[in-house]
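S.K.:
Protein chains: 4
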Amino acid sequence: MRQLCKGNVAVMKGAVLAGCRAYYGYPITPASEIAESAALYLPQVGGTFLQAESEVAAINMVYGAAAAGVRAMSASSGPGLSLMQEGISYIAGAELPCVIVDVMRGGPGLGNIAPEQSDYFAMVKGGGHGSYHNIVLAPASVQEMADFTMLAFELADLYRNPAVVLTDAFVGQMIEPLDLEYAEAKLPEKPWAVKGTVETRKNLIASIFLEPDQLEEHNHKMDEKYARAQAEEPRYEVFEAADAEILLVGYGIVSRVLRSAVEEARKDGLRVGLFRPVTLWPFPSQALAEASARAQKVLVVELSSGQMVEDVRLAINGKVPVEFYGRSGGNVPSVEEIHAQLVAHMGAKVS
Amino acid sequence: MRQLCKGNVAVMKGAVLAGCRAYYGYPITPASEIAESAALYLPQVGGTFLQAESEVAAINMVYGAAAAGVRAMSASSGPGLSLMQEGISYIAGAELPCVIVDVMRGGPGLGNIAPEQSDYFAMVKGGGHGSYHNIVLAPASVQEMADFTMLAFELADLYRNPAVVLTDAFVGQMIEPLDLEYAEAKLPEKPWAVKGTVETRKNLIASIFLEPDQLEEHNHKMDEKYARAQAEEPRYEVFEAADAEILLVGYGIVSRVLRSAVEEARKDGLRVGLFRPVTLWPFPSQALAEASARAQKVLVVELSSGQMVEDVRLAINGKVPVEFYGRSGGNVPSVEEIHAQLVAHMGAKVS
Amino acid sequence: MRQLCKGNVAVMKGAVLAGCRAYYGYPITPASEIAESAALYLPQVGGTFLQAESEVAAINMVYGAAAAGVRAMSASSGPGLSLMQEGISYIAGAELPCVIVDVMRGGPGLGNIAPEQSDYFAMVKGGGHGSYHNIVLAPASVQEMADFTMLAFELADLYRNPAVVLTDAFVGQMIEPLDLEYAEAKLPEKPWAVKGTVETRKNLIASIFLEPDQLEEHNHKMDEKYARAQAEEPRYEVFEAADAEILLVGYGIVSRVLRSAVEEARKDGLRVGLFRPVTLWPFPSQALAEASARAQKVLVVELSSGQMVEDVRLAINGKVPVEFYGRSGGNVPSVEEIHAQLVAHMGAKVS
Amino acid sequence: MRQLCKGNVAVMKGAVLAGCRAYYGYPITPASEIAESAALYLPQVGGTFLQAESEVAAINMVYGAAAAGVRAMSASSGPGLSLMQEGISYIAGAELPCVIVDVMRGGPGLGNIAPEQSDYFAMVKGGGHGSYHNIVLAPASVQEMADFTMLAFELADLYRNPAVVLTDAFVGQMIEPLDLEYAEAKLPEKPWAVKGTVETRKNLIASIFLEPDQLEEHNHKMDEKYARAQAEEPRYEVFEAADAEILLVGYGIVSRVLRSAVEEARKDGLRVGLFRPVTLWPFPSQALAEASARAQKVLVVELSSGQMVEDVRLAINGKVPVEFYGRSGGNVPSVEEIHAQLVAHMGAKVS
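Put into structure tokens, the structure is as follows:
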């Protein structure tokens with residue numbers, strides 16, 4: 000079914016179609032429509048919406064529901080996500096699947112409610128304690144808000160790990176066409192869950208391993224699944240990269256601006272391409288290394304002071320110069336602004 | 000005065016000498032002796048110790064005391080630090096000085112209470128939301144627990160930014176000689192503080208900037224001070240690096256094991272050196288690039304699945320191969336274990 | 000249907016039959032089976048069971064559900080009820096119906112988990128702030144645990160006021176036959192509720208009246224309904240009172256011991272009767288005054304240091320001497336113990 | 000020293016002079032000036048002022064400080080006091096001294112911030128669980144706000160029990176002359192306190208007594224001290240009662256209105272007197288019975304729907320008719336209003 004839909008609402012449409020039946024959260028601009036949609040949709044399908052007393056409580060409720068085998072989620076913006084870091088670390092440590100949506104706003108601190116991408120480090124590197132990774136997907140459209148939420152539930156279950164939909168106030172608030180196919184979600188068996196039944200009575204969900212050797216073994220097991228995810232799950236888009244002298248790199252809403260900038264640049268005869276990471280973790284490092292191999296310069300654009308640029312540099316490992324252009328505080332660069340950057344960089348190269 | 004002292008206790012001795020007069024925290028193993036010492040020492044010097052109802056409350060009390068111009072601190076271990084991420088982001092956004100001690104334990108989740116270094120990402124990359132950096136110091140001895148805590152208060156005030164003492168259960172719990180000079184702390188003027196006086200009535204401490212241009216300007220101002228810190232504050236130690244074929248890199252307790260391994264290796268005629276980052280942010284990238292320039296391999300050792308290794312790779316930028324060896328769950332590698340790694344790596348090189 | 004049932008479980012059987020569809024609470028011995036039963040039964044009838052983060056939260060959730068027109072309840076024991084006093088006062092002030100079950104245990108403070116009747120003042124006089132009354136019903140059997148819970152929902156709706164089932168660890172934990180008729184509850188219309196619909200958008204649920212005249216008018220309106228309840232709702236049982244020289248007065252489990260003591264006394268030719276208040280508020284003052292008119296002494300027995308005895312004295316107003324016999328700490332007097340009291344009192348009279 | 004002072008401020012001046020060195024609270028109108036004064040005065044004498052995160056936390060902090068032997072207090076209005084009922088019951092159960100000030104406002108629920116006396120039941124009968132009593136003092140002037148606070152600390156220590164200063168928005172907000180003598184408080188020894196010293200290590204502060212006999216014994220011990228207080232501590236004022244046909248009874252601000260009404264009535268030749276309870280618990284029952292013995296009618300006036308009137312009736316026990324006149328919602332009766340009541344009542348008598 001085709002419909003006009005706001006990005007944040009699309010998240011919950013996707014979630015419900017993915018079989019999500021539990022939402023725990025605390026409202027915050029610019030993520031609140033996700034909670035509102037959850038409150039509207041979940042009771043209609045026999046699910047639970049609960050506004051928790053705080054984000055700390057919300058993420059621990061997600062922990063509980065996930066432990067019971069239910070597809071569960073929360074959503075917030077930066078300040079709320081910071082409050083959830085302990086819970087996320089516990090969920091990752093207990094190897095439980097869940098989906099968390101971060102509709103990024105200006106920071107740090109209270110900041111403002113306009114779009115930024117400055118939670119990258121917190122969500123991709125792991126803002127909580129201990130060695131773990133979130134699976135992180137970065138949608139750039141309303142359609143992807145729904146699709147990636149559904150994918151996030153799949154990957155969360157596949158890897159028994161938190162999966163994050165990392166988006167921003169721009170994508171969350173915009174309204175675009177959305178195509179959804181209403182089909183019954185195929186839910187995986189979860190024989191490890193604690194369901195209050197005789198069969199699952201022996202199951203133990205824990206993030207405590209008192210003996211060092213035992214915890215190290217647990218961490219090795221987690222590392223192995225992370226290595227598997229790094230081998231199999233990187234996702235990305237490449238556009239006009241084959242002959243690009245300058246390869247632009249950006250994710251989320253920025254990738255759409257950059258794509259338009261590539262089109263504009265190509266009209267002017269400038270050989271510019273785009274690499275858009277779709278998964279931020281696992282980061283598509285190998286694909287980026289290949290896509291940038293023939294470029295003379297890589298230009299990373301972010302709505303921050305520079306965070307993903309580190310993963311770009313790690314991927315390229317010194318083979319091509321990597322430059323950074325950032326905006327923040329809610330300012331999103333225009334196509335013209337990027338064009339001017341391109342001209343400056345290519346002119347600099349020529350001279 | 001020379002005395003035998005436990006690492007965690009040395010933290011508070013340093014803090015009191017540095018003029019710290021407010022401690023807010025919630026106890027957690029293996030950091031609890033810091034709270035105990037704070038409860039013992041601070042009232043003796045007219046200071047405040049308060050056990051908060053949670054880590055969320057504790058860090059917000061630190062925010063308040065710091066806003067009033069008091070040298071204030073908290074301490075915890077991984078789970079508690081995760082709960083403080085929102086508050087830390089707010090303190091950084093409001094440009095307030097404070098000191099936070101993280102005595103790292105095994106993670107993720109509840110994990111265990113043995114040493115790890117797996118909060119590196121959370122503390123160095125910034126586990127909270129928005130573009131900010133913590134200044135991060137990594138002591139490796141009881142003496143440094145005191146000295147770096149004092150230094151942390153100096154740097155926090157100098158940059159009006161949170162400064163983190165990132166240590167672990169090993170350094171926190173061990174007992175070593177400690178030399179302290181009892182001198183009156185020289186406290187800087189803080190004309191920006193809100194002291195409840197007529198003069199400071201106009202002062203405003205905030206982390207909210209509703210207009211995007213205003214927030215971006217604020218972020219640029221923060222970026223400038225971060226650039227200044229990156230230019231002036233990197234600290235490190237180099238040992239036997241000049242002719243090293245293999246350069247070991249490790250911080251905190253690991254650096255002491257590596258130094259012994261270097262000494263052992265040199266006895267065997269193996270040309271091995273050590274680079275020890277003392278500041279983890281700003282990371283001593285340039286010094287490391289120089290120290291590793293003539294090496295054939297860099298081997299990073301951490302008590303984690305690999306976190307600082309990313310900063311090492313960013314510093315070296317592909318010029319020398321960077322390998323990683325990690326232990327976790329509370330296991331600390333022995334000198335022999337590192338020696339075996341060195342032989343394997345150098346043998347591999349020869350063959 | 001006739002079945003063997005525990006008192007606390009009977010509460011929830013009655014609640015579900017009464018159309019209760021929302022339970023919010025925090026477990027505490029000796030009331031926990033009520034929460035357990037709620038967790039078991041309510042989802043089966045499309046209702047909500049939620050274990051709140053505290054009793055403070057639980058009673059405020061009851062407030063919310065009651066405002067939405069749902070038959071809602073909570074249950075706890077003394078310490079939990081104390082934490083609910085603010086919420087109960089708010090619910091009464093907002094004129095909302097709800098049912099609260101207090102399974103009294105030994106107090107004050109943490110006390111112990113054995114039966115007492117020492118929350119009488121808190122529940123009957125109103126432990127919260129402001130002039131309000133709870134309707135209070137005191138069951139003495141498993142059958143009454145179910146029946147009075149159902150009645151409590153009826154009275155709560157009729158008077159738009161909290162109704163309390165005041166019972167104790169003895170009645171809550173004992174197992175007896177229970178007869179229940181499974182019939183659809185007839186729920187009253189609640190045109191005043193806030194249901195999230197267009198029709199109820201104008202409805203306002205509030206306990207705030209800023210202008211003194213406005214609040215006084217509100218209080219007068221409440222006083223009028225309390226006067227109506229005092230005229231129409233007093234309930235009690237009288238046993239062998241017509242010719243009694245000594246009239247025993249006791250409620251709940253005590254009334255059963257007293258009834259046996261009356262039977263024993265009558266066998267010995269002692270003219271003893273029993274007055275059992277069933278509603279503690281409104282207190283059956285007039286009926287008690289009449290029943291005691293020809294007695295020479297009234298002996299009140301409570302599991303406390305003496306609380307209901309004040310309402311007995313107020314009812315009798317000096318016309319007959321009122322004596323008190325109490326046990327506490329979880330001790331329940333035996334029939335023999337009461338018999339000895341009777342003999343002593345009657346002997347005293349004779350001599 | 001003589002000074003003009005607001006009632007709420009006088010409370011803290013008295014508290015500091017009484018040696019109070021710890022205040023924990025959460026602000027609420029019309030009690031907030033007490034917290035403000037505590038924040039101002041206590042640090043000047045080396046004491047602690049702490050704004051807690053809630054009233055529940057505040058009263059538990061009072062518990063802790065009282066257990067350590069410090070004279071500690073809190074203050075609030077009705078809604079806050081309701082939240083403290085669990086803590087008060089625990090403090091009473093643990094036999095700890097503390098002072099709690101209730102500046103009563105309009106209720107129930109949020110009500111308003113104008114004066115009422117409707118927390119009488121909650122504070123005098125015991126709004127918390129279990130058999131305990133608060134000592135309750137009812138000041139009627141700014142001078143008494145200071146004096147009774149000082150007395151409350153004395154009685155609290157003497158009986159190891161919470162002592163309540165029960166006042167209202169009128170007395171709390173009014174400004175009158177205050178005479179204070181600055182003298183060092185004589186603090187009693189508290190060998191039972193837990194002071195973190197070797198000597199007090201064996202001391203145990205508890206409100207838990209698992210065995211029924213043990214708890215009953217504890218309750219009997221408490222009952223004995225309550226009986227002692229009832230024998231020794233009732234305080235009251237009598238004015239023109241000797242030949243009064245109508246005896247007015249009122250406490251706090253009402254007693255001042257009633258005194259003026261007596262003076263007015265006497266000018267008109269009406270034989271009217273006043274009985275003012277100063278302690279509400281222990282209630283001066285015997286003195287009231289004596290003072291009313293020759294009256295033809297007792298008229299109780301309260302700022303509520305009638306609460307203290309029950310204690311008046313219990314004291315008089317049917318010997319004289321007891322009538323009630325109440326105002327609420329923040330309305331305080333005028334002298335003329337009481338005069339009209341007197342005329343009506345005496346007229347009724349004559350006819």
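Chains as they are written, first to last, in numbering that gives the first Met the number 0: chain A, 0 to 350; chain B, 0 to 350; chain C, 0 to 350; chain D, 0 to 350.
Think of the CB as a built atom: it goes at the ideal place given N, C-alpha and C, for glycine as much as any other residue.
Note that the structure is a prediction, hence the values are computed from the model and not measured.
1. Report the option in GLU54(D), MET345(D), LEU39(D), VAL100(D) whose CA atom is closest to the CA atom of ASP118(D).
2. Run through the DSSP bridge pairs and tell me what ARG104(D) is partnered with.
3. Apart from the five residues just before and just after CYS4(A), which ones in its own chain have a Cβ nearer than 6 Å to its Cβ?
4. Mind checking who TRP280(B) pairs with in its DSSP beta bridge?
5. What are the residues that DSSP puts in a beta bridge with ASP167(A)?
6. What separation, rounded to the nearest whole angstrom, lies between the Cα atoms of PHE120(B) and VAL135(B)?
7. Check whether the Cβ atoms of GLU244(B) and GLN295(B) sit closer than 8 Å, and answer yes or no.
8. Residues of chain D with CB under 7 Å from ALA339(C), in chain order?
9. With burial defined as no fewer than 16 other Cβ atoms inside 10 Å of the residue's Cβ, what is the status of GLN43(B): buried or exposed?
10. According to DSSP, what are the bridge partners of SER75(C)?
11. Closer than 8 Å, CB to CB, is ALA14(D) near chain B or not?
12. Give the C-beta separation of GLY105(A) and GLY346(A) to the nearest angstrom, bearing in mind that I take them to be a contact with Cβ-Cβ under 8 Å.
13. Decide yes or no for the touch test of the segment 22-39 of chain D against the segment 64-79 of chain D: beta carbon pairs closer than 8 Å, at least 3 of them.
14. Counting only C-beta atoms, is LYS318(A) closer than 8 Å to chain B at any point?
15. Is the beta carbon of VAL253(B) less than 8 Å from the beta carbon of LEU209(B)?
16. Look at the Cβ atom of VAL193(B), then the Cβ atom of ALA339(B), and state whether they are nearer than 8 Å.
17. Where do the N-terminal and C-terminal ends of the alpha helix (DSSP H) with ILE33(A) fall, by residue?
18. Would ILE337(B) pass as a contact of VAL300(B) if the rule is Cβ separation under 8 Å?
19. Where does the unbroken beta strand (DSSP E) through PRO176(A) begin, and where does it stop?
20. Would VAL96(D) pass as a contact of ARG159(D) if the rule is Cβ separation under 8 Å?
21. Thinking just about the alpha-carbon of each residue, which of ALA288(D), VAL271(D), GLY63(D), GLU309(D) is nearest to the one in ALA343(D)?
22. Comparing the C-beta of GLY129(B) with each C-beta of chain A, is any distance below 8 Å?
23. Report yes or no: do three or more beta-carbon pairs, one from the segment 121-130 of chain A and one from the segment 216-232 of chain B, lie closer than 8 Å?
24. For a cutoff of 8 Å on Cβ pairs, would you count GLU35(D) as touching chain B?
25. Taking the straight line between their C-alpha atoms, what separation do you get for LEU351(A) and GLY127(B)?
26. For a test of the three-state rule: what should DSSP assign to GLN306(A), helix, strand or coil?
27. Which residue comes first and which comes last in the alpha helix (DSSP H) that contains ILE207(A)?
28. Using a 10 Å radius around the Cβ and a threshold of 16 neighbouring Cβ atoms, would you call GLN2(B) buried or exposed?
29. To the nearest angstrom, report how far apart GLU143(B) and LEU165(B) are at their CA atoms.
30. Within 8 Å (strictly less), CB to CB, does LYS309(C) reach chain D?
31. Excluding the five sequence neighbours on either side, which residues of its own chain have a C-beta within less than 7 Å of the C-beta of PRO281(A), listed in chain order?
32. Tell me the DSSP secondary structure of ILE245(C) in three-state form.
33. Name the DSSP beta bridge partners of PRO161(C), please?
34. I'd like the span of the alpha helix (DSSP H) that includes GLN84(B), first residue to last.
35. Considering Cα atoms alone, identify which of VAL10(C), ASP310(C), ALA14(C) is closest to LEU186(C).
36. Quick check: PRO161(B) and ASN133(B), are their CB atoms within less than 8 Å of each other?
M.R.: By the coordinates alone:
1. Residue numbering aside, residue 118(D) sits at position 119 when the fourth sequence is read from its first letter. For the residues GLU54(D), MET345(D), LEU39(D), VAL100(D), the minimum Cα distance to ASP118(D) belongs to VAL100(D).
2. Position 105 of the fourth sequence holds residue 104(D). Note: ARG104(D) sits in a beta bridge opposite PRO114(D).
3. One-based indexing of the first sequence puts residue 4(A) at position 5. VAL141, LEU177, listed in sequence order.
4. Walking along the second sequence from the start, residue 280(B) turns up at place 281. Bridge partners of TRP280(B): VAL135(B).
5. By one-based count along the first sequence, residue 167(A) stands at place 168. Answer is MET103(A), bridged to ASP167(A).
6. Here residue 120(B) refers to the residue found at position 121 of the second sequence. Here residue 135(B) refers to the residue found at position 136 of the second sequence. A straight line joining the alpha-carbon of PHE120(B) with that of VAL135(B) spans about 11 Å.
7. Stepping through the second sequence from its first residue, residue 244(B) is reached at position 245. Stepping through the second sequence from its first residue, residue 295(B) is reached at position 296. Taking 8 Å as the Cβ cut-off, GLU244(B) and GLN295(B) qualify as a contacting pair.
8. Here the question's residue 339(C) lines up with position 340 in the third sequence. Result: empty, since nearest Cβ-Cβ is about 17 Å, beyond 7 Å.
9. Counting from 1 along the second sequence, the entry for residue 43(B) is found at position 44. It is exposed - the Cβ of GLN43(B) has fewer than 16 other Cβ atoms within 10 Å.
10. The residue you call residue 75(C) lines up with position 76 of the third sequence. According to DSSP, which records beta bridges pairwise, SER75(C) is partnered with ASP101(C).
11. As a position in the fourth sequence, residue 14(D) is number 15, starting the count at 1. Chain B, which has no Cβ nearer than 8 Å to the Cβ of ALA14(D), makes this no.
12. By one-based count along the first sequence, residue 105(A) stands at place 106. By one-based count along the first sequence, residue 346(A) stands at place 347. That pair is no contact at about 32 Å.
13. yes
14. In the first sequence, the residue the question calls residue 318(A) occupies position 319. Yes - at least one Cβ of chain B is within 8 Å of the one on LYS318(A).
15. As a first step, residue 253(B) is located in the second sequence; it is residue number 254 there, counting from the start. As a first step, residue 209(B) is located in the second sequence; it is residue number 210 there, counting from the start. Cβ atoms of VAL253(B) and LEU209(B): not closer than 8 Å.
16. On the second sequence, residue 193(B) is found 194 positions in, with the first residue counted as 1. On the second sequence, residue 339(B) is found 340 positions in, with the first residue counted as 1. No.
17. On the first sequence, residue 33(A) is found 34 positions in, with the first residue counted as 1. Counting along the chain, the alpha helix (DSSP H) containing ILE33(A) begins and ends at 31-40.
18. Taking the first residue of the second sequence as position 1, residue 337(B) is located at position 338. Taking the first residue of the second sequence as position 1, residue 300(B) is located at position 301. Yes, the pair counts as a contact, with Cβ atoms nearer than the cut-off.
19. As a first step, residue 176(A) is located in the first sequence; it is residue number 177 there, counting from the start. Residues 174-178.
20. As a first step, residue 96(D) must be located in the fourth sequence, where it is residue number 97. As a first step, residue 159(D) must be located in the fourth sequence, where it is residue number 160. Before going on, a small fix: residue 96(D) reads as Pro here, not Val. Cβ distance < 8 Å, so PRO96(D) and ARG159(D) count as in contact.
21. In the fourth sequence, the residue the question calls residue 343(D) occupies position 344. Measuring from the Cα of ALA343(D), the nearest candidate turns out to be VAL271(D).
22. Taking the first residue of the second sequence as position 1, residue 129(B) is located at position 130. With 8 Å as the cut-off, GLY129(B) counts as an interface residue toward chain A.
23. no
24. Here residue 35(D) refers to the residue found at position 36 when the fourth sequence is read from its first residue. Interface flag for GLU35(D) against chain B is unset, since no Cβ pair is found closer than 8 Å.
25. As shown, chain A starts at 0 and ends at 350. That puts residue 351(A) outside it, with no answer to give.
26. Within the first sequence, residue 306(A) is the residue found at index 307, counting from 1. It is coil, neither helix nor strand.
27. The sequence position of residue 207(A) within the first sequence is 208, counting from 1. Neither: ILE207(A) is in no alpha helix (DSSP H) and is coded neither H nor E.
28. Here residue 2(B) corresponds to residue number 3 of the second sequence, with the count starting at 1. GLN2(B) should be labelled exposed.
29. Taking the second sequence and counting its residues from 1, one reaches residue 143(B) at position 144. Taking the second sequence and counting its residues from 1, one reaches residue 165(B) at position 166. Approximately 11 Å, taken between the alpha carbons.
30. Numbered from 1 along the third sequence, position 310 holds the residue referred to as residue 309(C). Sequence inspection shows Glu at residue 309(C); the Lys mentioned does not correspond to that position. Yes, GLU309(C) counts as interfacial toward chain D.
31. Position 282 of the first sequence, counted from the first residue, corresponds to residue 281(A). Same-chain partners within the cutoff: ALA228, GLN229, GLU232, PRO233.
32. For this step, residue 245(C) is matched to residue 246 along the third sequence. In this structure, ILE245(C) counts as strand in the three-state DSSP scheme.
33. Position 162 of the third sequence, counted from the first residue, corresponds to residue 161(C). Beta-bridge pairing links PRO161(C) to CYS97(C).
34. As a working mapping, residue 84(B) is identified with position 85 in the second sequence. Run containing GLN84(B): 84-92, per the alpha helix (DSSP H) assignment.
35. Against the third sequence, residue 186(C) aligns to sequence position 187. Ranking VAL10(C), ASP310(C), ALA14(C) by Cα distance to LEU186(C) puts ALA14(C) first.
36. Taking the first residue of the second sequence as 1, we reach residue 161(B) at position 162. Taking the first residue of the second sequence as 1, we reach residue 133(B) at position 134. Their beta carbons are under 8 Å apart, which means PRO161(B) touches ASN133(B) by this criterion.
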